[in-house]
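S.K.:
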Amino acid sequence: MSPVAVSFFGGSSGLWRVEAMNTIVGEALPQVARLDVREGSLSALEPAGCRFALRGSTGHLRYVLAHEKGGLAAVTPPLGRDTATCAALIPIRKSAAWWELAQDERRVILQERSKHISLGLGYLPAVARRLYHCRELGEPFDFVTWFEHAPEDSERFDELVYALRASEEWQYVEREVDIRLMR
Ligand code: HEM
């Protein structure tokens, strides 16, 4: 799949209504009422009333092994399902200590010790997801993560988020804002 670029604009317009904005660690983002998601470009033009802009692009897989790839693909749902009226936008920055590790050391922490991939797999296909990279773009976060699910799966999604935040991998997260949305 060729890279998909996206711009998320927090402000007073857009399809998604902000239900909650919580700073988990690090600097907050300005509180906003709505989120405008523009796929297909790293749009430089911010809409009127925009209070923050987050940009990113999908990229190649860094940590997934061949045998995990097939398992994920088999249960990964598409974005934009009619029933998935809830979303979460969670931008994340990891620490210098994380980026100083070698690729294999990061994989050990992410999957072998924190079980990020196998844990997350248990929440598919209820949750649709997309990971955008933005460290290389000089953005304030390293990643912008996007999730969509039906209202009845909100509690289960929270359970996953709490489990990940309690993991060793999250000791390397130095900035995280959790934005919950509905359309
Ligand atoms: C819904 C179930 C989930 C699944 C199946 C899942 C799966 C994955 C996989 C396979 C990767 C590695 C991608 C690669 O190889 O480069 C990954 C990375 C990542 N995920 Fe998840 N994930 C889930 C939920 C979450 C949640 C809830 C968050 C945030 C709270 C999150 C944050 C991230 C971040 C920030 C990365 C990038 C890590 C890095 O490259 O250092 N994921 N996820």
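Quick note on our numbering: the sequence shown kicks off at 30 and runs consecutively.
From the three backbone atoms N, C-alpha and C, an ideal C-beta is built for every residue, glycine too.
Keep in mind the model is a prediction, meaning the values are calculated, not measured.
#1: As a quick exercise: from 56, 65 and 31, pick the residue whose alpha carbon is nearest that of residue 44.
#2: What's the gap between the Cα of residue 41 and the Cα of residue 69?
#3: Can you check whether the CB of residue 83 is closer than 8 Å to the CB of residue 172?
#4: For residue 186, name the three-state secondary structure that DSSP assigns.
#5: Following the continuous beta strand (DSSP E) through residue 125, name the residue where it begins and the one where it ends.
#6: Which residues share a DSSP beta bridge with residue 209?
#7: Less than 7 Å between the CB of residue 208 and some heavy atom of the ligand HEM, yes or no?
#8: State yes or no: is the C-beta of residue 160 within less than 8 Å of the C-beta of residue 192?
#9: Straight-line CA distance for residue 38 to residue 195?
#10: Do residue 113 and residue 210 have their C-beta atoms closer together than 8 Å?
#11: Please name the residue or residues paired with residue 162 in a DSSP beta bridge.
#12: Are the segment 174-189 and the segment 127-145 touching, with three or more C-beta to C-beta distances below 8 Å?
#13: Measuring alpha carbon to alpha carbon, tell me which residue in 179, 31, 104 and 145 is nearest residue 110.
#14: With 16 other CB atoms within 10 Å as the buried threshold, where does residue 90 fall?
#15: Check each candidate in 201, 203 and 154 and name the one with the smallest Cα separation from residue 182.
M.R.: Reading off the structure:
#1: 65
#2: 21 Å
#3: no
#4: helix
#5: Here residue 125 belongs to no beta strand (DSSP E); instead the alpha helix (DSSP H) covers 125-129.
#6: 49 and 117
#7: no
#8: no
#9: 29 Å
#10: no
#11: 86 and 172
#12: no
#13: 179
#14: exposed
#15: 154
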